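Line by line, the protein sequences are chains A and B. So in my numbering, spot 298 of the first sequence is number 298, and the numbers just go up one at a time. Just remember that my numbering sits 1000 ahead of the position in the second sequence, which is counted from 1. Read the structure below first, then the notes.
2 protein chains.
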Amino acid sequence: MPLDPAPLDAVLARIDASLDPALDRLMAFLRIPSISTDPAFNADVDRAADWLVAELQSLGAEASKRPTPGHPMVVGHLGEGKPHLLFYGHYDVQPVDPLNLWHRDPFDPAIEDTDKGRVIRARGAADDKGQLMTFLEACRAIIAEQGALPCRVTFFFEGEEESGSPSLIPYLHAHGDELRADLALICDTGLYDHDTPSIATQLRGLLAEEVTITAANKDLHSGSFGGIAINPIRVLTRALAAMHDDTGRVTLDEFYDDVPELPDAQRGQWQALAFDHAGFLGDVGLSLPAGEQDRTPLEMIWSRPTAEVNGIWGGYTGDGFKTVLPSKASAKVSFRLVGQQDPDKIHAAFVKHIESFLPPDCTAAFPMGRGAGASVMSIDNPAFEQARRALSAEWPRPAVFAGCGGSIPVAGHFQSILGMDVILAGWGKDDDQIHSPNEKYDLRSFHKGIRSWARVLDALAKA
Amino acid sequence: MPLDPAPLDAVLARIDASLDPALDRLMAFLRIPSISTDPAFNADVDRAADWLVAELQSLGAEASKRPTPGHPMVVGHLGEGKPHLLFYGHYDVQPVDPLNLWHRDPFDPAIEDTDKGRVIRARGAADDKGQLMTFLEACRAIIAEQGALPCRVTFFFEGEEESGSPSLIPYLHAHGDELRADLALICDTGLYDHDTPSIATQLRGLLAEEVTITAANKDLHSGSFGGIAINPIRVLTRALAAMHDDTGRVTLDEFYDDVPELPDAQRGQWQALAFDHAGFLGDVGLSLPAGEQDRTPLEMIWSRPTAEVNGIWGGYTGDGFKTVLPSKASAKVSFRLVGQQDPDKIHAAFVKHIESFLPPDCTAAFPMGRGAGASVMSIDNPAFEQARRALSAEWPRPAVFAGCGGSIPVAGHFQSILGMDVILAGWGKDDDQIHSPNEKYDLRSFHKGIRSWARVLDALAKA
């Protein structure tokens, strides 16, 4: 039951006319501090799931919260007809620290005027509540205008995305029959640039691990023990420092074995994008690409693997000074994976690397070790080109098939476990400060994002 | 007016008989959380100074709190006759974190039975309230028995020792005439071992600095920026890791230029001590001396300089995982100095070392840079041998002249600014966990420490 051009225009007009109530709904969603990584917020995560269930029910969907060993999934079904689409988003958000760097309460959202336009300021505004809501609001406008969606949609919302999605794979295996559709849509990525939408067809994987080095069985005083007792911070810094060579290359054994070279066609396409790395870095106060020095900036963020220390701590870190030799030192380390890099193999190489720096008096613990490999989408499915054209009609410049430096492991799981193609489209921007203080989502992203999904649904249902 | 042998015995007997009220006074002192490094405790630091003033007045001393730009000094005068002694201790204590590793409230002191004997458990029990009180209680017993001290004593108590003593040098310059005496006594060091008292004649200096590396102007998401944006943790770990070579030697430029070799006589004396480094390290769960591999364990802690990272932090350090590329990474670094090593010169070498690792997009800040050089006492003054004999009479084994790995900068300042010789004696033990959770002071240290000072005062006044 495809929409014809006139109804699409009516839907778009309705979206324009009803932006305020749409924003009110998003604000209510953003007020729920659904931080999935911190057990102190467990009740809030649950409340966000309930809120989504009610939201889906208000669209007429059959929807419910589905328990997992961790935070619940939210699943809903609405509409009839081909293609059957599975829409994914996540309702959990990142932690907010350091809180003092926020210029307002992260869970008291507001519309702010900035020199780059109006933005919605709140934790989760861009990642992923604002994005998720662009799809729901598109559905709401279509239903209001047409009485029904043009095709069958299954909604699937996760509450553990920022916690490494521990329940996702078992859930997909157990409930594949309910979730499997003709095509998956994921709204958790960004525009290529302010005027150019992007469908991400190449996503890096992610392996995250924490390492704790333990030396003495208690903190020691460096006056008594300094010089004779091994300092675990020294061991940790030596091991972490040696993860990269002077050219920015990762030194773990066989790290690059399963990293493919970029196909020439892809390289040409990316070169044509004329990526402004100086502007990209300049926005955050940097100037020089810091990755492998023989790679282009776009390769560094889209197609090359990385090793990064995301957090490090040990010893006395408060005000003043304490001449302690700590018992322990820890770091959180993550690897962005590409091509056929196997998270388990990279994890083993990381453990071996750290252990090679351990003196006999030290031990190392690795409590996490979760990861997912990279995803590459085949764009043979004509839905990709249909979606690309639909997006090109909404935005000033034509949509591109692009890489994505971030990791959306669920895309790979939809491919491998459910056997579905996945279209990743989203309206985030590089300056949204997701995972950072003062996260925002452009009002324009929210508005044109809703319009974009209305166009995509229209295009896919018509095909 | 020296005590003759019979009165000394009477004083010692009185000390034995009145240990309980002495302990009560110490407990009251320990209940005051006088953490000088944390402004939240400023009122408590002040309260500890008031407590000491009252304590000195209860001995009959003229005593008062003396303002400084930071925490106050406490100065008191008592007694007459030669020699005029200046006694120094500090009434401030280290911070208590990590608080969860304490098995009791650090400021709710208690006597505990342990498998190594009875201990006084509290922050400051050993460093330095318990030690300071051994001297005051010796004075109290002498006065109770004799009516007066055998010589003139000036008391000088500091409240900023754990904060790097920012007011000390100006205060000594301004009030040298009041404080200058024939000899200084400092009680802030330890026994050589359980049965062997020690007079510390060689103390390492200390230079403390904090370094913060700043890269991007905000925290970044490693999905968007990982691989292209420089990570300040990578810069910091590389710079810190390179501070030592593979043999444990510090790599800063000219670091060892002003480090003297141990005189043969000293080396022989130290070898005679047959230091049990396996036991020393075994007590804290270690086995291998981790300093310069061509040095003996006793040299590592007494006569060789060190570079240690006492704290490191950056990025996300909470529960779970956050794939952030932080804007900043920081470390607290300290150097134990020996011989003629100049804190300013070492500081400059440290800054140069860190800066040599800075890529163009990063900056480094060094906010502190305070230090004091090492101290070496000349033991030609006969008071040293008088004190050594007095201590030998109290403890199972004869007292030794020893090195000290810790830094007692005030000793050097008494030498250089006031022109005084300094006797450092104290009753702490290596397992006292000063600066760590569950700090304790042996009840035996407290008791025999009081007796030791009574003997030393007797010996010095008789000479």
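All C-beta atoms, glycine included, are put in the ideal place defined by N, C-alpha and C. Quantities reported herein were computed from a predicted structural model and do not represent experimental measurements.
Closest Cα partner of residue i within the set the options
i: Gly282(A); options: Ile450(A), Asp430(A), Ala461(A) and Ala122(A); result: Asp430(A)
i: Met1133(B); options: Lys1116(B), Asp1108(B) and Met1027(B); result: Met1027(B)
i: Ala1419(B); options: Tyr1091(B), Arg1180(B), Ser1064(B) and Ile1015(B); result: According to the sequence shown, residue 1419(B) is Gly rather than Ala. Selected option, being the one with the closest Cα: Arg1180(B).
i: Ala1364(B); options: Leu1457(B), Trp1395(B) and Lys1332(B); result: Lys1332(B)
i: Ser378(A); options: Met300(A), Asp50(A) and Gln266(A); result: Gln266(A)
i: Lys1116(B); options: Ala1461(B), Asp1276(B), Tyr1441(B) and Glu1254(B); result: Tyr1441(B)
i: Ile354(A); options: Thr251(A), His194(A) and Ile434(A); result: Thr251(A)
Euclidean distance between Cα positions of residue i and residue j
i: Ser184(A); j: Trp427(A); result: For the sequence presented, residue 184(A) should be read as Ala rather than Ser. Taking the straight line from one Cα to the other gives about 17 Å.
i: Met73(A); j: Gly314(A); result: 36 Å
i: Lys1448(B); j: Asn1310(B); result: 33 Å
i: Ile1213(B); j: Ser224(A); result: 29 Å
i: Leu93(A); j: Arg1304(B); result: Sequence inspection shows Val at residue 93(A); the Leu mentioned does not correspond to that position. Taking the straight line joining both Cα atoms gives about 51 Å.
i: Pro83(A); j: Glu137(A); result: 20 Å
i: Trp102(A); j: Asp1046(B); result: 35 Å
i: Gly1489(B); j: Arg1397(B); result: Chain B is shown from 1001 up to 1463; residue 1489(B) falls before or after that span and cannot be answered.
i: Pro326(A); j: Pro232(A); result: 7 Å
i: Ser356(A); j: Ile346(A); result: 15 Å
i: Leu1019(B); j: Pro1343(B); result: 43 Å
i: Met1001(B); j: Glu1145(B); result: Only weak support is given to the placement of Met1001(B): the predicted model assigns it a pLDDT of 49, under 50, and the value that follows is read from those uncertain coordinates. Rounded to the nearest angstrom, the two C-alpha atoms are 14 Å apart.
i: Leu457(A); j: Glu158(A); result: 22 Å
i: Thr237(A); j: Ser407(A); result: 27 Å
i: Gly1371(B); j: Arg1388(B); result: 30 Å
i: Gln1341(B); j: Phe1366(B); result: 20 Å
i: Arg1123(B); j: Ala1049(B); result: 16 Å
i: Arg1204(B); j: Gln1057(B); result: 35 Å
i: Val1119(B); j: Asp1177(B); result: 39 Å
i: Asp195(A); j: Trp395(A); result: 6 Å
i: Glu210(A); j: Val1096(B); result: 26 Å
Residues of its chain near residue i, where Cβ-Cβ distance is below 6 Å and the 5 sequence neighbours each way are ignored
i: Thr247(A); result: Gln293
i: Ala463(A); result: Gln386
i: Leu1220(B); result: Ala1229 and Leu1325
i: Leu1023(B); result: none
First and last residue of the uninterrupted beta strand (DSSP E) at residue i
i: Thr1156(B); result: Contrary to the premise, residue 1156(B) reads as Phe rather than Thr in this sequence. Element bounds for Phe1156(B): Val1153 to Glu1158.
i: Phe401(A); result: Val400 to Cys404
i: Ala242(A); result: Run containing Ala242(A): none; DSSP gives neither H nor E here.
i: Leu1185(B); result: Leu1183 to Ile1186
i: Gln1341(B); result: Element bounds for Gln1341(B): n/a, residue is neither H nor E.
i: Val422(A); result: Asp421 to Ala425
i: Lys440(A); result: Lys440 to Asp442
i: His1077(B); result: Met1073 to Leu1078
i: Val1119(B); result: Gly1117 to Arg1121
i: Arg204(A); result: Looking at the DSSP string, Arg204(A) is not in any beta strand (DSSP E), and its letter there is neither H nor E.
Continuous alpha helix (DSSP H) stretch holding residue i: start and end
i: Leu1418(B); result: Pro1409 to Leu1418
i: Trp1313(B); result: It is not in any alpha helix (DSSP H) - Trp1313(B) instead sits in the beta strand (DSSP E) that spans Thr1306 to Gly1315.
i: His1090(B); result: Not the alpha helix (DSSP H): His1090(B) falls in the beta strand (DSSP E), residues Leu1085 to His1090.
i: Lys1065(B); result: Note, Lys1065(B): premise wrong, no alpha helix (DSSP H); beta strand (DSSP E) at Glu1062 to Arg1066.
i: Thr134(A); result: Lys129 to Gln146
i: Ala1048(B); result: Asn1042 to Ser1058
Sequence-distant residues of the same chain with beta carbon closer than 7 Å to residue i, five excluded per side
i: Gln415(A); result: Ser375 and Val422
i: Gly1268(B); result: none
i: Ser392(A); result: Pro398 and Ala399
i: Glu162(A); result: Ser36, Thr37, Asp92, Val93 and Gln94
i: His175(A); result: none
Residues near residue i in its chain [Cβ-Cβ closer than 8 Å; skip 5 each side]
i: Ala454(A); result: Leu8, Val11, Leu12, Ile15, Ala138, Ala141 and Ile142
i: Val235(A); result: Ile213, Ala215, Ala329, Phe357, Leu358, Pro359 and Cys362
Neighbouring residues, chain D, relative to residue i (Cβ below 8 Å)
i: Gly1291(B); result: Here chain D cannot be found, since the structure's protein chains are A and B.
Self-check item: Interface residues of the region 1312 to 1328 of chain B facing chain A [CB-CB below 7 Å]
Solution: Ile1312, Trp1313, Gly1314, Gly1315, Tyr1316, Thr1317, Gly1318, Asp1319, Gly1320, Phe1321, Lys1322, Thr1323, Val1324 and Leu1325
Quiz item: Looking at chain B, which residues of the region 110 to 128 of chain A have a Cβ within less than 8 Å of any of its Cβ atoms?
Solution: none
Quiz prompt | Short-range partners of chain B found in the region 34 to 65 of chain A, where Cβ spacing is below 7 Å | solution = Thr37 and Asp38
Quiz item: Taking Cβ-Cβ distances below 8 Å as the criterion, which residues of the region 1204 to 1235 of chain B are in contact with chain A?
Solution: Answer in chain order: Arg1204, Leu1206, Ala1208, Glu1210, Ala1215, Ala1216, Asn1217, Lys1218, Asp1219, Leu1220, His1221, Ser1222, Gly1223, Ser1224, Phe1225, Gly1226, Gly1227, Ile1228, Ala1229, Ile1230, Asn1231, Ile1233 and Arg1234.
Self-check item: chain A contacts from the region 1422 to 1436 of chain B (Cβ-Cβ distance under 8 Å)
Solution: Within the region 1422 to 1436 of chain B, the residues whose Cβ lies closer than 8 Å to some Cβ of chain A are Asp1430, Gln1433, Ile1434, His1435 and Ser1436, listed in chain order.
Quiz item: Using Cβ-Cβ distances below 7 Å, what residues of the region 81 to 97 of chain A are close to chain B?
Solution: Gln94, Pro95 and Asp97
Self-check item: Against chain A: residues of the region 1247 to 1273 of chain B by CB proximity under 8 Å
Solution: none
Quiz item: Between the region 358 to 384 of chain A and chain B, which residues of the former have a C-beta closer than 8 Å to a C-beta of the latter?
Solution: Here the close residues are Pro359, Pro360, Asp361 and Met368.
Quiz item: What residues in the region 182 to 201 of chain A bring their beta carbon closer than 7 Å to a beta carbon of chain B?
Solution: none
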